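Student: Residue numbers (my numbering): 84 to 148.
All C-beta atoms, glycine included, are put in the ideal place defined by N, C-alpha and C.
Because the structure is a prediction, the values reported are computed rather than measured.
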């Protein structure tokens, strides 16, 4: 995919990191500052990485569609 500058293995690592951050945030408690920071970090990192991973797998590159 020409428009994604990173490889799928990096995207998978980012998705796993986002899941770990989200679980740490839930474990620390959503009402605390530390828990909210981890939870939001996991969400803001996880959604774009997961979406880019789906795009990579589906092959939405020029010439495929």
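For residue 129, count neighbouring C-beta atoms within 10 Å of its own C-beta (all shown protein chains included) and say buried if the count is 16 or more, exposed if not.
Tutor: Here the question's residue 129 lines up with position 46 in the chain shown. The residue is buried, with at least 16 neighbouring Cβ atoms inside 10 Å.
Student: Can you name the start and end residues of the alpha helix (DSSP H) that residue 129 belongs to?
Tutor: Numbered from its first residue, the chain shown carries residue 129 at position 46. Per DSSP, residue 129 belongs to the alpha helix (DSSP H) from 116 to 141.
Student: Specify the secondary structure class of residue 84 as computed by DSSP and reduced to three states.
Tutor: Taking the first residue of the chain shown as position 1, residue 84 is located at position 1. Residue confidence for residue 84 is low, a pLDDT of 48 falling below 50, so the modelled location carries little weight and cannot support an answer.
Student: For residue 101, collect the residues of the same chain with a Cβ closer than 7 Å to its Cβ; drop the 5 residues on either side in sequence, then sort them by chain order.
Tutor: Residue numbering aside, residue 101 sits at position 18 when the chain shown is read from its first letter. Hits under 7 Å: 125, 128, 129 and 132.
Student: Give every residue of the same chain whose Cβ lies closer than 8 Å to the Cβ of residue 95, excluding the five residues on either side of it in the sequence, and list them in chain order.
Tutor: Mapped onto the chain shown, residue 95 falls at position 12. The answer, listed in chain order, is 136.
Student: Between the Cα of residue 97 and the Cα atoms of 142, 134 and 141, which residue gives the shortest distance?
Tutor: Start at 1 with the first residue of the chain shown, and residue 97 comes out as number 14. Residue 134 is the option with its Cα nearest to residue 97.
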